[in-house]
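Worksheet: the structure to be examined is printed underneath.
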Amino acid sequence: MPEALVERAREALDNAYVPYSEYTVGAALRTADGEVYVGCNIENANYSNSLHAEEVAVAEAVKNGHTEFDRLVVTSGARDGVTPCGMCRQTLAEFCDEDLPVVCDLGGDDVAEYTLGELLPNTISLDTLEAAAAKRDADE
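Residue 1179 is where the sequence shown starts when you use this note's numbering, and the numbers rise one by one after that.
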């Protein structure tokens, strides 16, 4: 069980900026070479400008030169068992294979583990966009 990653995600909750919803989310993303980047959600009065914890963790890792990841943990101070939203799942799919383990903190010592492919089947990717373009070109 990824206890250390769960703890890092939980620690990130303390830095969440959530004056509107008070719905804290923390994430810990481990790179293929073992470095860990954390993120918390950052709200904006215009909710569509808010940043999600998973996005913040990915951005921090990419900013530091990492684009290969082997595990993500997400947690929430508002409820147990939170999973990444659809937008965050798509962001993860940009960098991760469908077998990326996504660990969801259930509180206490309990977690639920999924793969990114289970959470986001039939993802939009470079391959699917190229296939759609090829089909469009063939139909013309």
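Note that the Cβ used here is the ideal one computed from N, Cα and C, for glycine as well.
Please read these numbers as outputs of a predicted model, since none were measured by experiment.
task = Within the same chain, show all residues whose beta-carbon is closer than 6 Å to that of residue 1179, passing over the 5 residues directly before and after it, in chain order.
result = The count along the sequence shown starts at 1 and reaches residue 1179 at position 1. Below a pLDDT of 50, predicted positions are generally treated as unreliable, and residue 1179, at 49, falls in that range; no measurement from the model is reported.
key: First through last residue of the beta strand (DSSP E) which encompasses residue 1249   = As a working mapping, residue 1249 is identified with position 71 in the sequence shown. Its beta strand (DSSP E) spans residues 1247-1254.
inquiry  = My output table needs one value for residue 1209: the three-state DSSP class, helix, strand or coil.
reply    = Looking up residue 1209 in the sequence shown gives position 31. Strand at residue 1209.
ask   = Taking three-plus beta-carbon pairs below 8 Å as touching, is the stretch 1195-1204 in contact with the stretch 1217-1233?
value = With the cut-off at 8 Å, the stretch 1195-1204 and the stretch 1217-1233 touch.
task = Please determine, among 1260, 1244, 1297, the residue with the shortest C-alpha to C-alpha distance to residue 1276.
result = For the purposes of this step, residue 1276 is taken as residue 98 along the sequence shown, with counting starting at 1. It is 1297 whose Cα lies nearest to the Cα of residue 1276.
message = Applying the 10 Å Cβ sphere with the 16-neighbour rule, what's the burial state of residue 1283?
response = Stepping through the sequence shown from its first residue, residue 1283 is reached at position 105. Counting Cβ neighbours within 10 Å, residue 1283 comes out buried, since at least 16 surround it.
request  = Let me know the alpha helix (DSSP H) ranges lying completely inside the stretch 1291-1316, each 4 residues or longer, listed in chain order.
outcome  = 1294-1297
task = Output yes or no for whether 8 Å exceeds the beta carbon distance between residue 1278 and residue 1250.
result = Translated into positions along the sequence shown, residue 1278 becomes position 100. Translated into positions along the sequence shown, residue 1250 becomes position 72. With respect to the 8 Å criterion, residue 1278 and residue 1250 are classified as neighbours on the basis of their beta carbons.
request  = Evaluate the contact criterion for the stretch 1224-1240 versus the stretch 1285-1299: three or more CB pairs, one atom per stretch, below 8 Å.
outcome  = no
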